[in-house]
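Mind the numbering: the sequence shown is residues 6 to 555 in the numbering used here, read in order. The C-beta atom is built at its ideal place from N, Cα and C for all residues, glycine as well. As the structure is a prediction and not an experimental result, all values here were calculated from the model.
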Amino acid sequence: MLTTLKIKNLALVENLTWEPGAGLVGVTGETGAGKSMIIGALKLILGERAKHDLIRRGETTCTVEAVFELSNREQVNELLENAGLETCDGNTLVLKRSFSEGSNKQFINCSPATLSVLKALGDLLIDLHGPHDHQSLLSRDRQLAMLDEYAQIKEAAKKYRTSWREWQNALTDFEQLRNSERSSEQELDLLRFQVEEIEAAELDPQQAADLDQRYQLAKNSTRLVDAANAAGGQLSETILPTLMEVQRSLRELEQLDSGVLELSSGFDSAYIELEELSQTLMTYVEKLDLNPESLLIMEQRIDLLENLRRKYGNSIEEVIAHGQQAAERLARIDNRGDELKRMEAIADKIGKKVIKQGQALSKKRRDCAPRLAREISRHLKDLGFKQSKFEIPLEPLKTPELKGLEQADFVFAPNPGEPPKPLRVIASSGEMSRVMLAVKSALAEQDQIPLMVFDEIDANVGGEIAHAVGAKMASLGEQHQVVAITHLPPVAASAHCHYVVRKEFSKNSTRSTLKEVKGESRVSELSRMLGGGGESAKAHAQTLLAGNIP
6 MLTTLKIKNL
16 ALVENLTWEP
26 GAGLVGVTGE
36 TGAGKSMIIG
46 ALKLILGERA
56 KHDLIRRGET
66 TCTVEAVFEL
76 SNREQVNELL
86 ENAGLETCDG
96 NTLVLKRSFS
106 EGSNKQFINC
116 SPATLSVLKA
126 LGDLLIDLHG
136 PHDHQSLLSR
146 DRQLAMLDEY
156 AQIKEAAKKY
166 RTSWREWQNA
176 LTDFEQLRNS
186 ERSSEQELDL
196 LRFQVEEIEA
206 AELDPQQAAD
216 LDQRYQLAKN
226 STRLVDAANA
236 AGGQLSETIL
246 PTLMEVQRSL
256 RELEQLDSGV
266 LELSSGFDSA
276 YIELEELSQT
286 LMTYVEKLDL
296 NPESLLIMEQ
306 RIDLLENLRR
316 KYGNSIEEVI
326 AHGQQAAERL
336 ARIDNRGDEL
346 KRMEAIADKI
356 GKKVIKQGQA
366 LSKKRRDCAP
376 RLAREISRHL
386 KDLGFKQSKF
396 EIPLEPLKTP
406 ELKGLEQADF
416 VFAPNPGEPP
426 KPLRVIASSG
436 EMSRVMLAVK
446 SALAEQDQIP
456 LMVFDEIDAN
466 VGGEIAHAVG
476 AKMASLGEQH
486 QVVAITHLPP
496 VAASAHCHYV
506 VRKEFSKNST
516 RSTLKEVKGE
526 SRVSELSRML
536 GGGGESAKAH
546 AQTLLAGNIP
């Protein structure tokens with residue numbers, strides 16, 4: 006149930022904290038007093054678009070916060086977990102919405118959230134109905150869902166939908182492969198050419214890298230040989246012979262002065278390194294490939310790799326991957342006959358399961374539809390439709406659909422002698438309000454939404470019917486928390502707790518307040534609603550309360 010609703014700077018509301026009780030909660034007040042603020046606040050919590058003109062004049066930010074106590078938090082936690090949000094540890098759920106010019110924020114248990122998650126949570130927590138808000142009741146899909154709720158086959162229907170989606174995916178895969186059978190010979194020729202061209206190249210990323218390195222050396226081999234020969238020639242023809250003369254002179258010095266041995270030793274090491282360098286340069290020159298044919302072969306190979314990269318990818322790895330993908334597609338098309346049989350068998354198997362599950366759903370629906378129609382008819386009689394007729398025909402579908410093998414259509418004849426017509430063609434909002442209340446009453450035990458809000462759905466209703474509407478709402482309040490914003494005294498008198506919205510004026514400002522009325526204050530409010538403040542109105546109000554004044 007909704008335990009707390011906090012509203013700050015919403016329209017005429019300056020700062021309000023409301024703690025509605027359980028059961029049927031009546032909200033009354035004069036026209037224009039601001040009763041719609043509750044609906045506006047709840048719609049914001051439900052994820053409705055925030056309009057900046059709702060912000061109280063002179064303020065910059067509007068905030069709405071709702072605290073719910075959950076009797077069954079499994080569905081809520083599943084939704085939060087799927088949205089990547091923290092689940093509820095206890096039974097308390099806090100939703101908050103704050104908006105200003107250029108800013109719109111929403112929080113779930115203090116964690117930032119998106120409007121889509123807020124809307125999804127709202128569908129689990131609040132069922133809001135206004136005088137013209139019966140679209141959900143007019144939807145044939147929603148009507149079928151109501152029948153499933155009454156028949157207690159929601160889980161079976163969920164399994165059917167899972168199987169149906171699996172079947173559709175299998176059919177789609179089969180159709181895609183069957184359509185590929187009609188691929189043009191041009192596509193097949195192209196695939197074969199691509200596979201053969203890439204396979205013939207015998208690609209290896211490491212070999213391609215080595216080839217690039219060897220080609221750069223081979224391409225510059227003439228300059229490399231000239232430079233190496235020049236350096237080697239200088240060493241062997243000029244530098245080393247000269248150094249040999251120096252070495253002989255040092256040997257003579259050693260014989261005359263042993264103190265030069267250290268100098269001689271360092272010279273010998275340098276001489277040996279230069280000799281080794283001369284030999285290395287000769288070997289380097291011998292290894293350089295100056296064969297024009299080898300250079301041509303490398304150039305042709307490099308041209309081939311560049312051509313493949315240009316056609317199939319930016320790297321050898323991408324070219325190889327493209328070849329593999331082309332080979333796989335070619336294999337699928339070449340072997341599609343066997344694959345088609347396999348996939349068709351899979352689709353047929355799943356299709357049979359869908360039919361079997363759908364037939365089981367159909368049986369339960371056909372068994373329960375008359376019972377639900379009788380239950381709704383009983384509530385309709387309580388609401389003044391003494392000789393009305395309500396039926397739930399099920400129309401078979403040509404092919405299985407996501408909702409099953411049939412669709413429902415709630416039909417209603419308010420007056421005797423009239424043929425039943427679908428609810429969507431009934432124009433009277435007063436009739437539709439009572440039909441909706443009858444349907445909700447029939448589904449009260451199965452309906453999992455904890456809070457029902459009725460915003461003046463009792464419009465165009467009066468007399469004894471008003472008493473029946475109040476009694477029906479009070480009965481709903483035994484199983485749900487029900488908030489009824491009403492102008493009808495019998496409905497307000499039926500409430501378990503009663504709140505009044507009033508306007509207060511001070512200097513240059515106006516604000517709406519919401520206060521609970523009890524005892525004589527409640528009698529006074531009912532008297533006002535009855536059209537006067539005299540003793541007769543007061544007596545009538547006391548009669549309505551029938552001794553149930555808190």
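> Ends of the beta strand (DSSP E) at residue 328?
Replying inline: No beta strand (DSSP E) holds residue 328; the alpha helix (DSSP H) holding it covers 321-339.
>> With a threshold of 7 Å between beta-carbons, can residue 275 be considered close to chain C, or not?
In response: Judged by its chain identifiers, the structure shown contains no chain C, having just a single protein chain.
> What residues are listed by DSSP as bridge partners for residue 417?
Replying inline: In DSSP, residue 417 forms a bridge with 395, 426.
> Out of curiosity, what's the CA-to-CA distance linking residue 307 and residue 181?
Replying inline: The alpha-carbon of residue 307 is positioned some 40 Å away from that of residue 181.
> Closest to residue 529 by CA distance: which of 165, 416, 505 is it?
Replying inline: Taking only the C-alpha atoms, the option nearest residue 529 is 505.
> How long is the line joining the alpha carbons of residue 403 and residue 193, rounded to whole angstroms?
Replying inline: For residue 403 and residue 193, the distance between alpha carbons rounds to 39 Å.
>> Looking at the strands, I want to know which residues DSSP matches up with residue 280.
In response: Bridge partners of residue 280 according to DSSP: none are assigned.
> Residues in its own chain within less than 7 Å of residue 124 by CB, not counting five upstream and five downstream?
Replying inline: Only 51, 52 meet the Cβ criterion.
>> Quick check on DSSP: helix, strand or coil for residue 503?
In response: Strand at residue 503.
> Closest by CA to residue 77, which one among 184, 236, 94?
Replying inline: Answer by Cα proximity: 94.
> Got a sec? Which residues, its chain only, sit under 8 Å from residue 378 by beta carbon, not counting five neighbours each side?
Replying inline: Within the same chain, residue 378 has close Cβ partners 395, 396, 397.
> Nearest CA to the CA of residue 42: which residue from 259, 169, 18?
Replying inline: For the residues 259, 169, 18, the minimum Cα distance to residue 42 belongs to 18.
> If we ignore side chains and look at the alpha-carbon of each, how far apart do residue 139 and residue 339 end up?
Replying inline: Here the model assigns residue 139 a pLDDT of 49, short of 50, so the residue's position is not dependable, and the following value carries that caveat. Between the alpha carbons of residue 139 and residue 339 lies a distance of about 56 Å.
> Which residues does DSSP pair with residue 312 in a beta bridge?
Replying inline: Under DSSP, residue 312 takes part in no beta bridge, so it has no partner.
> Considering only residues of the same chain and omitting the five flanking positions on each side of residue 556, which have a CB-CB separation below 6 Å?
Replying inline: The structure shown does not extend to residue 556, since the chain is modelled only from 6 through 555, so no value can be given for it.
> Using the rule of at least 16 other Cβ atoms within 10 Å of the residue's Cβ for burial, across every protein chain shown, is residue 347 buried or exposed?
Replying inline: Counting of Cβ neighbours within 10 angstroms places residue 347 among the exposed residues, the total staying below 16.
> CB-CB under 7 Å to residue 216, same chain, minus the five flanking residues each way: which ones, in chain order?
Replying inline: Shown here for residue 216: same chain residues with a beta carbon closer than 7 Å to its own, the five before and five after excluded, namely 303, 306, 307 in chain order.
>> Beta-carbon within less than 7 Å of residue 499's beta-carbon, same chain only, minus the 5 sequence neighbours each way: which residues are those?
In response: Once the five neighbours on either side are set aside, the close Cβ partners of residue 499 are 29, 475, 476, 478, 479.
> Can you tell me whether DSSP reads residue 73 as helix, strand or coil?
Replying inline: For residue 73, the secondary structure class from DSSP, reduced to helix, strand or coil, is strand.
>> Taking the beta carbon of residue 301 as the centre, do at least 16 other beta carbons fall within 10 Å, making it buried, or is it exposed?
In response: Exposed.
> CA-CA distance, residue 157 and residue 519?
Replying inline: C-alpha separation (whole angstroms): 39 Å.
> Excluding the five sequence neighbours on either side, which residues of its own chain have a C-beta within less than 6 Å of the C-beta of residue 62, listed in chain order?
Replying inline: Nothing listed; no residue qualifies.
> At a cut of 8 Å, does the segment 277-284 reach the segment 255-262 through at least three beta carbon pairs?
Replying inline: Output reads no: the segment 255-262 does not touch the segment 277-284.
> For the alpha helix (DSSP H) that residue 570 lies in, which residues bound it at each end?
Replying inline: Here the chain has residues from 6 to 555 only, and residue 570 is not among them.
> Do the segment 104-119 and the segment 66-74 make contact, defined as three or more Cβ pairs closer than 8 Å?
Replying inline: Judged by pairs of C-beta atoms under 8 Å, the segment 104-119 touches the segment 66-74, as three or more such pairs exist.
>> Suppose you measure from the CA of residue 31 to the CA of residue 353; what does that come to, to the nearest Å?
In response: So the two alpha carbons sit approximately 56 Å from each other.
>> Residues in the same chain with beta-carbon distance under 8 Å from residue 349, minus the five sequence neighbours each way, listed in chain order, please.
In response: Result list for residue 349: 179, in chain order.
> Does the distance from the C-beta atom of residue 39 to that of residue 517 stay below 7 Å?
Replying inline: Result yes, Cβ atoms of residue 39 and residue 517 sit closer than 7 Å.
> With which residues is residue 20 paired in a DSSP beta bridge?
Replying inline: Residue 20 is bridged by DSSP to 13.
> What residue from 87, 365, 413 has the CA that sits closest to residue 375's CA?
Replying inline: Ranking 87, 365, 413 by Cα distance to residue 375 puts 413 first.
>> Within the continuous alpha helix (DSSP H) that includes residue 145, where are the two ends?
In response: Counting along the chain, the alpha helix (DSSP H) containing residue 145 begins and ends at 145-156.
> In the structure shown, what three-state DSSP assignment does residue 60 receive?
Replying inline: Three-state result, residue 60: strand.
> If you drop the 5 nearest sequence neighbours on each side, which residues of the same chain put their C-beta closer than 7 Å to that of residue 127?
Replying inline: Cβ neighbours of residue 127 beyond the five flanking positions: 50, 51, 52.
> The beta strand (DSSP E) spanning residue 489 covers which residue range?
Replying inline: In the DSSP assignment, residue 489 falls within the unbroken beta strand (DSSP E) covering 486-490.
> Which of helix, strand or coil does DSSP assign to residue 1?
Replying inline: No statement about residue 1 is possible, as the shown extent of the chain runs from 6 to 555 and does not include it.
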